[in-house]
Structure formats: structure tokens, C-alpha cells
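Below is one structure, written out as C-alpha cells; the observations come after it.
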Amino acid sequence: MSTDTHAAANRPSALATLIRNPLAGVFVALTAIFAVSAIISPYFMTAYNLSVIARGVAFVGLVTIAQSSLMILGELDLSLGTIGGLCGVVSGMLMVQAGLPWGVALVLALMLGMALGLLNGFLVTALGLHSLVLTIGTAGIYGGAILVLTKGVAITGIPEGIQFLGRGDVLGMPVPFLIMLLVLAVALFLTTRTPIGRYMYAIGNNAAAARMLGIRVDRIRLLVFTLAGGLAALAGMLMVARLGTAQPSIGQAWVLAPIAASVIGGVATTGGVGSPLGAIFGAGIIAIIENIIVLFGVSPYWQGVVSGAIVVLAISFDALSRRYLRRDGA
Amino acid sequence: MAYLEVSGLGRDFPGVTALDGVDLSIELGRTHILAGENGAGKSTLVKILTGSDRASRGSILIEGQDPLEHPDMFRKIAYVPQELSLFPDVSVAENLFMPFDRTGHGGLVSRKRMEAEAQTYLDRFGIEARPSDLVRHISVPDQQLLQIARASTNRDMKVLILDEPTSALTAREVQRVFDVIRGFLDRDHAIVFISHKMEEVFAIGDDYTVLRNGEKVDAGLVAEIDETGLIRAMSGREISIDDHFRPDAAVGETLMQVDGLGGSMFDDVSFALRRGEILGFAGLVGAGRSELMQTIFGFRKARTGRIRVEGRDWRLGDTTSAVAGGMLYLSEERKHHGIFPLLSLRDNIGISVLTLTSGAMGIDFAKERGLVRRVIDNYSIRASGPQQRMSTLSGGNQQKAIIGRAMATTPRILIFDEPTKGIDIRTKAEIYRIMKTLAEEGVGIILISSEMTELRRCASRIITMHGGRITGDFDAATTSTETLVGAIFATDSASDQARTDAEKPHVH
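Residue numbers (this note's numbering), protein chains in the order written: chain A, 1 to 330; chain B, 1 to 508.
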């Protein structure tokens with residue numbers, strides 16, 4: 001409406017811009033939950049507890065970065081969890097049963113993850129399938145492959161050399177957490193400062209319009225699916241390094257939590273908006289909630305109910321505040 | 001007292017006044033024209049009248065009652081939006097009566113009775129579809145009429161607001177809509193008609209109200225104002241409607257040669273686009289013009305034929321190579337094929353110049369800001385700033401952003417598909433001027449338009465299409481509108497192709 005004529009005169013202030021920044025809400029929520037936890041539990045702020053949280057966030061965080069990037073693109077990959085699990089198991093078998101040097105095993109398993117991600121992307125683009133439906137199927141295949149390979153038994157005897165990657169600390173920070181931060185930095189550079197990132201948002205907004213501008217839509221999709229598969233594999237291998245065994249159950253927790261974290265962090269399931277940084281904030285919120293539930297000694301049977309309810313609350317709060325902002329803003 | 005009486009209506013958004021002191025009175029039995037440029041406040045007013053937004057001040061009285069105290073009164077007002085908002089995979093009858101509380105069958109829906117009742121509406125509105133057809137499968141004009149029919153199934157409805165109801169229709173179908181509108185008025189209803197098309201305003205209007213920058217600037221009887229007066233009221237300045245925008249440059253060598261191109265919806269199409277001309281394409285909705293252009297652009301697959309651009313073979317079926325080769329297609333469907341709604345104006349413009357603004361270190365934001373700023377200035381895009389979300393810009397400004405974005409890539413061939421659909425007269429003139437300048441700079445321009453006046457004002461040459469085939473190729477300056485319309489309808493269609501061939505020697 002006449003918004004355009006009048007509004008040019010009054011530019012939004014820096015503070016207004018900050019408040020309008022979609023990341024501000026989730027960051028405030030994360031800070032608030034952190035502060036409340038620090039107050040209500042004397043154990044929360046201990047160095048040990050914080051490193052437990054950081055280490056936990058690292059694994060699910062890597063998958064969250066992958067999933068949120070796909071969601072920006074308007075896609076969803078439900079097989080990331082089983083890709084992570086399968087690649088973890090395969091890396092273990094390559095090290096233990098094939099006796100390969102662990103560096104070679106890690107690289108091979110990483111390539112396997114990328115290949116599986118690429119396969120998902122290829123089936124989605126070539127057949128024009130909906131990624132949500134397709135990856136329910138491939139998740140079953142990859143998950144089944146884990147059981148075929150392991151017969152449900154963990155692979156033990158993982159070389160000591162790589163356990164540092166999962167258990168070690170550098171400068172007082174867990175190694176996997178540092179790796180996750182590094183990956184996050186790369187992902188943020190990719191999404192905000194490169195043409196590929198811009199194309200991802202454009203495709204998530206309107207794939208037909210993107211094609212009309214000559215953007216190679218399918219190629220970008222394949223790329224992001226491939227990278228996502230690689231990140232899931234990385235998470236799986238770091239988990240193996242942390243546990244010291246390749247468990248067939250690795251990755252089972254990485255299906256829904258990364259999606260919930262992304263949504264809490266402002267990444268829409270419909271694509272085109274949000275940032276991996278917001279998604280990581282979301283993952284942080286979930287991790288702190290789960291941690292505080294444990295610290296308070298909530299019965300393990302009730303933990304799922306409580307953490308799920310808090311996630312629903314967080315999302316509702318976000319949706320309501322967004323609606324409120326939209327009503328006032330033009 | 002009028003049936004609907006609005007006085008002193010205002011609506012403020014933070015930092016912006018969208019409406020201020022607007023009066024409006026709607027009488028039953030009359031058609032009220034609501035006129036104004038894009039961004040004048042029409043949509044905000046309509047939202048308040050239908051109860052989906054609230055005024056900051058002022059009052060509304062429907063039958064003398066305040067609808068804020070008697071919310072049922074809002075049911076007296078029905079609104080048919082410009083964009084199609086039907087359920088495509090649901091039957092015509094179900095679309096008509098959804099959410100079924102109007103069919104009066106209690107809690108259950110009887111398909112038989114519903115379809116029987118639907119048939120009476122289809123007859124009255126002249127919709128050529130069966131009640132059981134899926135909406136996806138009926139024609140666009142029928143869909144547009146169905147939207148109006150749906151609004152009229154609400155028995156409480158007294159005032160029907162139609163927002164550009166004819167934007168996807170051709171002359172004959174517009175006539176159908178007008179007949180429907182006139183039929184309503186006999187039955188003690190009022191119509192509020194929003195349109196940028198002057199012919200329609202004067203054909204159907206009784207009263208008018210003009211908004212400009214959120215304020216009422218003029219109101220009265222349509223019989224007592226002429227086109228120039230109305231345009232002056234809307235734009236606040238004198239705009240000559242007789243201007244021509246045909247390029248003045250001499251027509252140069254052939255830029256693009258299309259030979260025997262065939263695809264879905266069109267067949268055996270051959271024509272040449274020359275440097276320095278605006279080549280118009282006229283035809284009915286469904287004549288295959290958009291499909292033809294989208295195929296040339298590589299968005300759709302070609303079945304037969306070939307294209308040469310500047311003497312070199314043109315790769316078909318690949319938009320990336322088309323864009324790299326200097327061609328851009330600006331779709332009629334701004335929403336579906338043009339804008340990235342959730343991204344900022346800056347991102348929407350910047351996306352097409354990333355090759356210019358990015359290097360090894362990623363995107364150079366300062367450089368991008370500069371380029372975007374220049375597009376916003378050159379095309380006078382009105383926005384609160386480059387960060388404004390694209391979906392919140394008015395249609396005209398979205399269109400200018402899309403054109404500006406295309407121009408930033410310095411294309412050689414530009415295809416405009418209905419570039420002024422839903423756009424006000426002043427912005428239209430701006431778009432015409434842009435096309436003319438580009439053509440004179442040597443860009444080959446193709447213009448698809450359903451408005452004959454638009455083609456006659458802008459195009460150097462007009463190709464007519466009917467049923468997927470070219471039916472004529474005319475010099476725009478020397479051909480009468482009647483001849484063009486004849487070619488569009490291909491009146492004795494039994495021998496389309498023979499007729500075309502026979503006609504060709506005469507028309508060149």
C-alpha cells in the first residue's frame with residue numbers, strides 16, 4: 001500500500017533491525033534457557049556438565065547443519081540418521097576387520113556417506129520425487145544395511161588413535177564440538193557469502209523462478225544432498241571415535257531432533273528461510289532442556305514426554321511472536 | 001443513507017499511514033468503481049471492509065450497523081481476489097459450496113444434491129464445466145467465473161467486491177463477466193469493481209471513488225467524468241494515453257530465427273525477430289503464446305524445429321544456456337515464475353548479478369549494494385529499503401524489480417509475457433518506456449499481451465496466434481484493430497492453416 005511512499009523517510013533504527021533479525025528470537029531464548037538452568041541447578045554450570053552438553057550438541061549439530069541446509073533448499077532427508085549410522089559402522093569394519101589405517105577408513109566412509117546422499121539427491125531430481133517420501137524409503141534401506149553388516153552386534157576394537165577425535169579436548173573444548181564449529185563456519189560462509197548459498201535460498205523460495213533465471217536447480221540440489229550425506233557420515237564416525245565401538249544404534253537419534261532444532265531456529269519446513277546458525281541455536285536449546293531434565297532426576301520414562309512438550313512450547317511461542325510481529329509490521 | 005457507509009477511515013502501520021480519512025458510500029443496485037494506482041490503499045480498504053483487518057480510526061456502517069459490534073454484518077460483503085484461490089484438485093461443485101454450511105443439508109454432504117444445485121449456478125454464470133469436473137481441468141476463464149459464482153452462493157451477500165476480475169480473460173469472456181455483474185444488480189445487490197482497464201470502468205461503472213496515497217481524492221458519477229479526468233485523479237498528474245511507444249530506431253538484421261518449432265500447445269511456428277523492434281504476439285488465452293516463448297527460452301521441451309540466434313544454433317530445453325546466451329523470459333505469472341517472496345528486495349535483484357559481484361572471497365556485498373541501489377533508482381522501485389521483503393511490495397514494484405533484475409544482466413533478447421497485468425497506468429507507461437529504450441539500444445524484444453491497445457501502442461510488428469499456430473504477421477502502424485482481432489479469432493477456423501497461407505501474401 002502506500003507503505004512504499006511514506007516508509008522511505010523513516011529508516012528502521014539499528015535496534016529495530018536487531019530485533020527484526022530472525023536469529024534474535026532464538027538467540028534470546030537460548031540465552032534465557034541457559035541462564036534459568038544455571039540458576040535452578042547448582043550442577044549445571046560445572047565445567048564437566050558444560051562439556052557433556054557441548055559434546056552432545058556436536059554430533060546432533062553436524063546433522064542439524066546438514067538438515068537445515070536441505071530445508072533451506074526446500075528438501076528434507078530422513079535418511080541422514082541411518083547414513084550416519086551406516087558410515088560409522090562401515091568405518092569401524094574397515095579399521096577393525098579390514099585392518100586399514102584409520103585415516104583411509106575415515107576417508108572411505110566419508111565418501112560412502114556422500115555417495116548415499118548423492119543417491120538420495122539423484123532419485124529426488126531425476127524422478128521428481130518428494131524428498132520426504134523418498135528418504136523414508138532410503139532410510140529403511142540404509143538402516144537395514146547396518147543390521148545386515150553387523151547382525152546387530154557392536155564392532156569393538158576401534159584403534160586408540162582415533163578416539164581422540166571423539167573424546168579429546170583442545171583448549172578445554174571437546175574436539176567434536178570444535179569440529180562442529182568449524183563445519184558451521186564453513187556452512188555459514190557457503191549460505192550467506194557465496195552464489196551457491198543465494199541459489200539455495202532462491203530455490204527454496206521458488207524453484208520455478210530460479211530455473212527461469214537460469215540457475216542450475218538440480219545441480220545445486222545434488223550438491224547439497226551430497227554434502228549433507230558427508231556431514232551425516234562425519235557425525236557417525238566421530239560417534240564411533242567417542243564410544244570406542246561401532247554401535248548399530250548410532251544415528252537413531254538424528255532423525256527428528258535436527259528437524260525440530262531447525263524449526264526452533266527459524267528454518268521453515270517449507271523452505272527458503274532461516275540459517276544453519278539458528279538451527280544450531282535450536283539444537284543448543286534442545287540439548288540444554290534434555291540436560292536439565294536429567295539433572296533434575298526426572299524419571300527416564302518421562303524424559304521424552306517432558307522434552308517433547310518443551311519443544312512444542314518453544315515452537316508455539318515462536319509462531320505466536322511471529323504472528324504478533326506480522327500484525328504490527330506492514 | 002447508503003447501504004455501506006464508510007467515513008473517515010484510517011489505518012496506520014508502524015511509521016506508515018496506509019489509509020487516511022477515506023469516505024466511501026455504496027448504494028444497492030449500482031456498480032461502484034474503486035480506482036487508484038498500485039499502492040494507493042485499495043487492498044487495505046478492501047481488507048477492512050471484509051473484516052480481515054481493522055481500521056485505526058473511522059467508522060463502517062452496513063445497513064446502519066457497525067460490523068465490529070455485529071460481526072455477522074461482514075457476511076454481507078464478499079470479496080473475489082484477483083489471484084485464483086480455488087482448490088484445484090477438488091470438484092467444481094465442492095469448490096462452490098465449501099465449507100458446505102451453505103448447502104443446507106445438515107451435517108452431511110449429498111454429492112447428488114450438491115451437484116444439482118451447482119448446475120444452477122454454472123448455468124447462471126455461463127460456466128462451461130460439469131459440477132463433477134476437477135477445477136484443475138477447467139479453463140482459466142471458467143475458474144475466474146467460478147470464483148465469482150462461489151462468492152454468490154453466500155445468500156447473505158449484498159456487496160460483491162471484484163478485484164481485477166478480468167485480468168486473465170479475453171474480450172468475449174469479459175463480456176460474460178459483465179453480463180453476470182449486470183444480472184446481480186437486478187437482484188438488489190451492489191458491486192465494487194476494481195480495475196485498471198479504462199474501457200471496463202466506463203462500460204460497467206455507475207459511481208466511482210479514487211484513492212491516491214491512502215486518501216480519497218475524488219468521487220462522483222462515472223457519467224460525469226472522462227478517461228483523462230479519471231487518470232489525472234489517480235496519478236495526480238497529466239498522462240497522455242495516446243502516446244506511442246514504438247521504437248524509433250531503424251529495424252536491423254535478424255537476431256533470432258525460429259523454424260518449424262513445435263511443442264505442447266503449439267505447432268509449426270516460424271518467425272524472425274529483428275534487432276531494434278518490439279515484436280508483439282496477440283492471441284486468446286490458450287492460443288499457445290506463453291508455451292511457445294517458454295519453449296524458446298528452454299523452460300519447456302520442444303518437439304520439433306530449431307532456432308538460430310545471430311546465425312548460431314540455439315540450444316533448446318536448457319534455461320541456463322538460454323540465460324548465458326543472453327535471453328530472458330519475464331513470466332506472466334509473477335508469483336509462480338518471478339519473485340522469491342520471502343527474500344529481500346536486495347536478494348531478489350542481486351541474484352541475477354552474482355557472477356558480477358562475487359569472486360574468490362565470496363560475494364562482494366558493497367558491490368552488490370551498489371548494483372542493487374542502481375536498479376532500484378533506475379526503475380524507481382518504491383520500497384522502504386533494499387531489505388524490504390519482496391512479498392510485501394506492491395505488484396507494480398515487484399514487476400519493476402523483476403525487469404530491473406533482468407536488465408542488470410544486459411540481455412540481447414527479452415521476452416515480456418503480459419508485463420503490465422494488474423499494473424496501474426503510470427507504471428504501465430514506465431514499463432513501455434523501458435521496452436522502447438531497450439529496443440532502440442538494439443535488444444530484441446518480444447511482447448505477449450492480451451490487451452490490443454497495449455500491442456498497438458508498443459509493438460512495431462504484431463504476430464497473431466490461434467490454436468497454437470501463427471495466423472498472421474502484421475505491421476502494427478498500418479493494420480486496423482479489426483484485422484488483428486479477425487486473425488486472433490481465426491473466424492472461419494475450419495481451414496486455419498489454409499487461410500493463413502492464403503493471407504500471408506496480403507498482410508506482408
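Virtual Cβ for every residue (Gly too), placed ideally from N, Cα, C. Quick caveat: nothing in here was measured; it's all calculated off a predicted structure.
- Using a CB distance cut-off of 8 Å, B/H196 does not count as an interface residue toward chain A.
- If you check the CB distance, A/L178 and A/V170 come in under 8 Å.
- One thing to note: B/E291 has its Cβ within 8 Å of the Cβ of B/R300.
- Taking 8 Å as the threshold, the shortest C-beta distance from B/G362 to chain A falls below it.
- Under the 10 Å beta carbon count, B/L455 is surrounded by 16 or more other beta carbons and is classified as buried.
- A contact between stretches requires three or more CB pairs, one per stretch, nearer than 8 Å, and the stretch 414–421 of chain B meets this requirement with the stretch 320–330 of chain B.
- In this chain, B/G262 is not harboured by any alpha helix (DSSP H); it is covered by the beta strand (DSSP E) spanning T254 to G263.
- Put simply, the backbone Cα of A/G157 is about 6 Å away from that of A/V96.
- Between B/H244 and B/R433, the CB-CB gap reaches or exceeds 8 Å.
- Residues of chain A whose Cβ lies closer than 9 Å to the Cβ of B/P341 are, in chain order, N205, N206 and G272.
- Just so you know, the alpha carbons of B/V80 and B/Q147 end up roughly 6 Å apart.
- Taking a 10 Å sphere around the C-beta of B/F266, we find 16 or more other C-beta atoms and assign the residue as buried.
- A straight-line Cα-Cα distance of about 57 Å links B/A129 and A/I289.
- Put simply, the stretch 338–358 of chain B touches the stretch 369–380 of chain B. At least three CB pairs are less than 8 Å apart.
- Judged by DSSP secondary structure, B/D267 falls within the beta strand (DSSP E) whose first and last residues are F266 to R274.
- Within the stretch 354–381 of chain B, L354, S358, G362 and I363 place their CB atoms closer than 7 Å to a CB of chain A, listed in sequence order.
- In terms of beta-carbon proximity, B/Y79 stays away from the interface with chain A, with every pair separated by 8 Å or more.
- Taking a Cβ-Cβ threshold of 9 Å, the residues of chain B close to A/A202 are F340, L343, D347, N348 and I351, in chain order.
- The stretch 133–141 of chain B and the stretch 156–174 of chain B touch, with three or more beta-carbon pairs separated by less than 8 Å.
- Rounded to the nearest angstrom, the Cβ distance from B/F193 to B/I33 is 5 Å, consistent with a contact under 8 Å.
- Residue pairing by DSSP places B/E5 opposite B/S25 and B/L61 in a beta bridge.
- Beta-bridge pairing by DSSP links B/D475 to B/R461.
- From the beta-carbon of A/L213, the residues of chain B found nearer than 7 Å are V323, I351 and S352.
- Runs of alpha helix (DSSP H) with 4 or more residues, each lying fully within the stretch 185–253 of chain A, are found at 195–205, 207–212 and 217–243, listed in chain order.
- Counting along the chain, B/M327 sits inside the beta strand (DSSP E) bounded by residues M327 to L330.
- When rounded, the separation of the alpha-carbon atoms in B/R382 and B/M198 is 24 Å.
- For A/T194, the chain B residues whose C-beta falls within less than 8 Å of its own C-beta are S358, G362 and I363, listed in chain order.
- Of all residues in the stretch 303–331 of chain B, only T319, T320, A322, V323, A324, Y329 and S331 place a beta-carbon less than 7 Å from a beta-carbon of chain A.
- Annotation: the continuous alpha helix (DSSP H) that includes A/A47 extends over A47 to I72.
- By the C-beta criterion, the stretch 114–132 of chain A is judged to be in contact with the stretch 210–226 of chain A, since at least 3 inter-stretch pairs fall below 8 Å.
- Around B/F178, the same chain offers I204 as residues with beta carbons nearer than 6 Å, after the five sequence neighbours per side are excluded.
- Close CB contacts of A/G168 within its chain, under the 7 Å cut and outside five residues either way in sequence, are with V175 (chain order).
- When secondary structure is reduced to three states using DSSP, B/E69 falls in the coil class, being assigned neither helix nor strand.
- Contact annotation, A/I65 with A/L231: C-beta distance approximately 6 Å; criterion of less than 8 Å satisfied.
- A direct Cα-to-Cα measurement between B/A35 and B/G126 gives close to 28 Å.
- The residue among B/V92, B/R334, B/M293 and B/D66 with its C-alpha nearest the C-alpha of B/I445 is B/M293.
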